[in-house]
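Visitor:
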Amino acid sequence: MTETLEHPVTVSDRAAKRIAKIIANEPAGTALRVSVEGGGCSGLQYKYDLVTEQGDDDLVLEKNGISVLIDSISLQYMGGSEIDFVDDIIGQAFQITNPNAVAGCGCGTSFTI
15 MTETLEHPVT VSDRAAKRIA KIIANEPAGT ALRVSVEGGG CSGLQYKYDL
65 VTEQGDDDLV LEKNGISVLI DSISLQYMGG SEIDFVDDII GQAFQITNPN
115 AVAGCGCGTS FTI
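If you count by this note's numbering, then the sequence shown holds residues 15 to 127, one letter each, in order.
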């Protein structure tokens, strides 16, 4: 896990802006939790949840007044990643650029390490 701490996860300005918009009407202290779980076409997939509680092992990313939480297990798969938000002709979505992923599915929601 030392390697993931040397290469932390980052949040783009676009993602921070979108997260702020999403949590604007949520209770104070609401954060976006990003985690990795088994599933999807390629074996692993990202999960996004709005939460008000932080775990003891969470990495807390703060940017422009928002917080993103990543648990230590998920961080092992996400070290060096960037969380971004894209708005294009196909639609709007959070997108994670993960240097650890060796393959992904066509829709971009699952990956293989």
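For each residue, glycine too, the CB sits at the ideal point set by N, CA and C. Note that the structure is a prediction, hence the values are computed from the model and not measured.
Between which residues of its own chain and residue 104 is the CB-CB distance below 6 Å, once the five residues before and five after are set aside?
Guide: As a first step, residue 104 is located in the sequence shown; it is residue number 90 there, counting from the start. Excluding sequence neighbours, residue 104 sits near nothing in its chain.
Visitor: Is residue 33 buried or exposed, if buried means 16 or more other CB atoms sit within 10 Å of its CB?
Guide: Reading the sequence shown from its first residue, position 19 is the one you call residue 33. With 16 or more other Cβ atoms within 10 Å, it is buried.
Visitor: Kindly give me the distance between the Cβ atoms of residue 25 and residue 97, rounded to whole angstroms, as I take these residues to be in contact under 8 Å.
Guide: Position 11 of the sequence shown, counted from the first residue, corresponds to residue 25. Position 83 of the sequence shown, counted from the first residue, corresponds to residue 97. Rounded, the Cβ-Cβ distance is 5 Å, consistent with contact.
Visitor: Counting only runs of 3+ residues fully inside the region 72 to 107, write out the beta strand (DSSP E) ranges in chain order.
Guide: List check, beta strand (DSSP E) in window: 73 to 77, 80 to 84, 96 to 102.
Visitor: Name the two residues that bound the continuous beta strand (DSSP E) containing residue 45.
Guide: Walking along the sequence shown from the start, residue 45 turns up at place 31. Residues 45 to 52.
Visitor: Looking only at C-alpha atoms, which of 115, 81, 112, 88 sits nearest to residue 27?
Guide: In the sequence shown, residue 27 corresponds to position 13, counting from 1. The shortest C-alpha separation from residue 27 is found at 81.
Visitor: Using DSSP with H/G/I as helix, E/B as strand and the rest coil, what is residue 27?
Guide: Locating residue 27 in the sequence shown gives position 13, where the first residue counts as 1. It is helical.
Visitor: For residue 95 versus residue 71, is the C-beta distance shorter than 7 Å?
Guide: Sequence index remark: in the sequence shown, residue 95 carries index 81 (1-based). Sequence index remark: in the sequence shown, residue 71 carries index 57 (1-based). Cβ distance not < 7 Å, so residue 95 and residue 71 don't count as in contact.
Visitor: Since residue 59 is in the beta strand (DSSP E), which residue starts that stretch and which ends it?
Guide: For the purposes of this step, residue 59 is taken as the residue at position 45 of the sequence shown. From DSSP, the beta strand (DSSP E) with residue 59 extends over 58 to 65.
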